[in-house]
Amino acid sequence: MNIKNVVVIGSGTMGSGIAAQLCNANISVTLLDLKTQI
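Per the working numbering, residue 2 is the first one in the sequence shown, and the count goes up by one each step.
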């Protein structure tokens, strides 16, 4: 399985950390949160 795009829901400590690691692995990430301010 080859993952190319990921959506992470929640931009708190865990969500942003997961998104950062995915970016480091050259995977396209969309980070979503209920609040507009990160």
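Here a beta-carbon is modelled for each residue, glycine too, at the ideal position from N, C-alpha and C.
Sub-8 Å separation of residue i and residue j beta-carbons
i   : j  : result
T23 : V7 : Checking the sequence, you will find Leu at residue 23 rather than Thr. The answer is yes: Cβ separation under 8 Å.
Residues of its chain near residue i, where Cβ-Cβ distance is below 8 Å and the 5 sequence neighbours each way are ignored
i   : result
I4  : I28
T52 : This structure leaves residue 52 out entirely; the chain is present only between 2 and 39.
I19 : V9
Residue i, DSSP secondary structure in three states
i   : result
T37 : coil
Cut-off 7 Å between Cβ atoms - residues of its own chain near residue i, not counting five sequence neighbours on either side
i   : result
D34 : G11 and S12
Endpoints, beta strand (DSSP E) assigned at residue i
i   : result
I10 : N6 to I10
Opening and closing residue of the alpha helix (DSSP H) in which residue i lies
i   : result
I19 : T14 to N25
Neighbourhood of residue i by C-beta, 6 Å cutoff - its chain only, sequence neighbours within 5 removed
i   : result
G16 : V9
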